[in-house]
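Asker:
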RNA sequence: GACUCCGUAGUUCAACGGAUAGAAUAGAAGUUUCCUAAACUUUUGAUACAGGUUCGAUUCCUGUCGGAGUCACCA
């Protein structure tokens, strides 16, 4: 039996091949289920007996005896076995674990599949709007997308990291318009720019987006006041009748329902504002490539890109290929028009184009506005098609986008299917949960949004303070110290955001995010640094003769052996959290071992060198895992 | 209102239908002439509620209650 096959696989194979002999029938492979042996039970590997009880028609104990003694006969690595309430626990010999340790030690790329040995997958992440600076939610998105891409690479896939830059649309026109109308003009006759204000480009543009929102609300208030006074002659009759209908609904409603109605009225009034009308006109001009609008658009977008570039660099994320909405929306529009001819879509009287998904239990969805301009959905169709054109070997696209857009992606994939794109089934929405603050939801209107740049800066400052408190910095120059604090701060932040199952909504507590104890990035980084120091002091790794492993050592070998499977699971579930939870378990076990068992002081050279090798392989797996999370590990800290 | 997702120690998170539901943190008590104490040890404490399926349910199904999201000619 080859040493590269795990004991579980060996057991599975023997049971499967000897099924007729043992059970009298050919069993299904999935009947053979292993699980972690509980701490208080003796043994290293546990087989669940219940599934066999029915076919064997005997008690779990009898079944366990039969299977256990059969396997012990066949596999010399099995030292002994015991049965506890339906679970068959095998005690595996020390030699087996030692052989496995040696095997791991010889594999520099342990746990990783051969690069580019599997299909090509595109991972989309980030894709922010270009009218607002990045915030905490984007940090989760970016760290998640980047990590999932790395995890897929570790699984042997070729990966194309990408994002769609939402550089056009009504929202962009809003900031453009607000800047044109409301920016103060300085002595030189210039409006505000990143250069003359010192503001980061994305922050400056974001400021005008907020300004637009403020101004449109003011205008809407005046309109509502008009309506309430009965001065309705200046407004569209449809809006007025809708307003009257909504007002009539108000009587007898509770506070919550009233607020809902008021919001609708506000939306109605916003549609009547001159500001929104101007923004819409600007969008039409933009789609017609009006030179003046285009110049303004290019200028402001470049400010944003410059600002974002700085943020991405700090985050430590990158992209292989960028898609711009401004490039893909026309393709989307063409496809929609084509689909209209094919009868997938239909046109309403006012010229707007829709798809009817009511037979699928969904709604009708707009694809082109009555003025012919495109919406989010239109460009997403174009982008997807464009991507498959650019990468003909693509086996799938993963969209890392928040779960507030679940419905959008359901509809998008369905439309692509209806348009006849066979690859539509390979599109996957990696839907992650929102990030909450201890104070509740982040709300831009209430100013509770945590800015990404600010947060990253704060966290590195906090890491510096804590690091200085600890000491351990002798002989390092200020540049090295700064780099270390960045590694610790950013590592803590990334680990904090990635350790939670991406699908779940999570709580971000700023204080906890840079904790050094417990399930944190620095806790893991510290273990790495300690091992590094240990190896350095030892004067190098040496080979060793056969030794007997202590239980603490066997526990570590066992968890190291789980690593390849952990990478597979993380890839299958697109979940960095699987990796994070794994490293944490590994580090806890290592710390227990390190605390309880002397290494450098050990007199038996074979034992000492085995322990050093074991430690070295723990640090190897820590480094690999942390890199999959996009986290660096420090040589010392 | 319709649809979707979520309810696990005080708090933040785990648990491919499997053993006595794990951690971390907070609280309490300890460990350093010894390889980095950013560490380790001990201890207190939870499956929202009611049914059902199953040898076995935190996990699957139904209902109740509670929370979130979506239902735009926004993205």
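In this note's numbering, the protein residues as written are 25 to 661. Cβ coordinates follow ideal geometry from the N, Cα and C atoms, glycine included.
Could I get the ranges of all uninterrupted alpha helix (DSSP H) runs contained in the stretch 172 to 223, with 4 residues as the minimum, in chain order?
Answerer: The stretch 172 to 223 contains these whole alpha helix (DSSP H) runs: 194 to 206, 218 to 221.
Asker: Pop quiz: residue 230 and residue 458 are said to be a contact at Cβ under 8 angstroms. What is the actual Cβ separation, rounded to whole angstroms?
Answerer: That belief does not hold up - the Cβ atoms of residue 230 and residue 458 are roughly 20 angstroms apart, past 8 angstroms.
Asker: Considering just the uninterrupted stretch of the beta strand (DSSP E) at residue 426, what are its terminal residues?
Answerer: Per DSSP, residue 426 belongs to the beta strand (DSSP E) from 418 to 426.
Asker: Excluding the five sequence neighbours on either side, which residues of its own chain have a C-beta within less than 7 angstroms of the C-beta of residue 292, listed in chain order?
Answerer: Result list for residue 292: 263, 266, 267, in chain order.
Asker: Provide the residue(s) that pair with residue 71 in DSSP beta bridges, ordered along the chain.
Answerer: According to DSSP, which records beta bridges pairwise, residue 71 is partnered with 58, 112.
Asker: Alpha carbon to alpha carbon, what distance is there between residue 440 and residue 434?
Answerer: Straight-line Cα distance between these residues: approximately 10 angstroms.
Asker: Whose C-alpha, out of 48, 42, 64, 106, is nearest the C-alpha of residue 73?
Answerer: Among 48, 42, 64, 106, the Cα nearest to that of residue 73 is on 106.
Asker: Could you give the distance in angstroms between the alpha-carbon of residue 65 and the alpha-carbon of residue 575?
Answerer: Distance between the alpha carbons of residue 65 and residue 575 is about 13 angstroms.
Asker: Mapping the DSSP letters down to three states, classify residue 509 as helix, strand or coil.
Answerer: Residue state, collapsed to three classes: helix.
Asker: According to DSSP, is residue 47 part of a helix, a strand, or is it coil?
Answerer: Helix at residue 47.
Asker: Short of 8 angstroms in beta carbon distance, which residues of its chain neighbour residue 382, apart from the five on each side in sequence? Order them along the chain.
Answerer: The answer, listed in chain order, is 388.
Asker: Return helix, strand or coil for residue 26, following the three-state DSSP convention.
Answerer: Note on residue 26: pLDDT 47, under 50, position unreliable in the model; the coordinate value appears next. Looking at residue 26 - three-state DSSP - the assignment turns out to be coil, as it is neither helix nor strand.
Asker: To the nearest angstrom, report how far apart residue 60 and residue 32 are at their CA atoms.
Answerer: Cα-Cα distance, rounded: 11 angstroms.
Asker: Here's a check: name, in chain order, each residue in its chain whose Cβ is nearer than 7 angstroms to the Cβ of residue 25, leaving out the five neighbours to either side.
Answerer: Reliability fails at residue 25, whose pLDDT of 44 lies under 50, so the model's placement of it is uncertain and no value is given.
Asker: Do residue 641 and residue 129 come within 8 angstroms of each other at the CB atom, strictly closer than that value?
Answerer: Taking 8 angstroms as the Cβ cut-off, residue 129 and residue 641 qualify as a contacting pair.
Asker: Could you give the DSSP three-state label for residue 380: helix, strand or coil?
Answerer: DSSP places residue 380 in strand when its eight states are reduced to three.
Asker: Verify whether the separation of the beta carbon atoms of residue 534 and residue 601 is less than 8 angstroms.
Answerer: For residue 534 and residue 601, no; Cβs fall outside 8 angstroms.
Asker: Ignoring anything shorter than 3 residues or poking outside the stretch 571 to 596, list the beta strand (DSSP E) runs there in chain order.
Answerer: None, since the stretch 571 to 596 contains no complete beta strand (DSSP E) of that length.
Asker: Whose C-alpha, out of 377, 374, 353, 624, is nearest the C-alpha of residue 411?
Answerer: It is 353.
Asker: With three or more beta-carbon pairs closer than 8 angstroms as the criterion, would you say the stretch 606 to 622 touches the stretch 167 to 175?
Answerer: Counting Cβ pairs under 8 angstroms, fewer than three are found: no touch.
Asker: Output needed for residue 53: all residues of its chain with C-beta closer than 8 angstroms, excluding positions within five of it in sequence on either side, in chain order.
Answerer: 36, 40.
Asker: Output the distance between the C-alpha atoms of residue 513 and residue 483, rounded to the nearest integer angstrom.
Answerer: About 5 angstroms.
Asker: Using DSSP with H/G/I as helix, E/B as strand and the rest coil, what is residue 661?
Answerer: Coil at residue 661, not helix or strand.
Asker: Run through the stretch 618 to 655 for me and flag every whole alpha helix (DSSP H) of 4 or more residues, listed as ranges in chain order.
Answerer: For the stretch 618 to 655, whole alpha helix (DSSP H) runs of length 4 or above, ordered along the chain, are 629 to 652.
Asker: Is the beta carbon of residue 568 less than 8 angstroms from the beta carbon of residue 633?
Answerer: Taking 8 angstroms as the Cβ cut-off, residue 568 and residue 633 qualify as a contacting pair.
Asker: On the CB-based measure, 16 or more other CB atoms within 10 Å of its CB, does residue 431 come out buried or exposed?
Answerer: When all chains shown are included, residue 431 counts as exposed.
Asker: Classify residue 57: buried if its beta carbon has 16 or more other beta carbons within 10 angstroms, exposed otherwise.
Answerer: Exposed is the call here.
Asker: Please classify residue 556: is it buried, with 16 or more other beta-carbons within 10 angstroms of its beta-carbon, or exposed?
Answerer: The residue in question, residue 556, is buried, as its Cβ has 16 or more Cβ neighbours within 10 Å.
Asker: By DSSP, does residue 35 sit in helix, in strand, or in coil?
Answerer: Three-state DSSP puts residue 35 in a helix.
Asker: Quick check on this structure: which residue in 379, 414, 178, 300 has the alpha carbon closest to the alpha carbon of residue 589?
Answerer: Closest option to residue 589, Cα to Cα, is 178.
Asker: By a C-beta neighbour count over all protein chains shown, 10 Å radius and 16 as the cutoff for buried, is residue 152 buried or exposed?
Answerer: Burial call: buried.
Asker: Please name the residue, chosen from 414, 528, 403, that lies closest to residue 428 on a Cα-to-Cα basis.
Answerer: Checking every option, the nearest Cα to that of residue 428 belongs to 528.
Asker: According to the neighbour-count rule (16 or more other Cβ atoms, all chains shown, within 10 Å of its Cβ), is residue 188 buried or exposed?
Answerer: Per the 10 Å Cβ criterion, buried.
Asker: Which residues in the same chain as residue 520 place their Cβ atom closer than 6 angstroms to its Cβ, once the five residues preceding and following it in sequence are excluded?
Answerer: Contacts found: 537.
Asker: Counting along the chain, where does the alpha helix (DSSP H) carrying residue 306 start and finish?
Answerer: 298 to 311 is the extent of the alpha helix (DSSP H) around residue 306.
Asker: Is it the case that the Cβ atoms of residue 199 and residue 324 are separated by a distance below 8 angstroms?
Answerer: Contact: yes.
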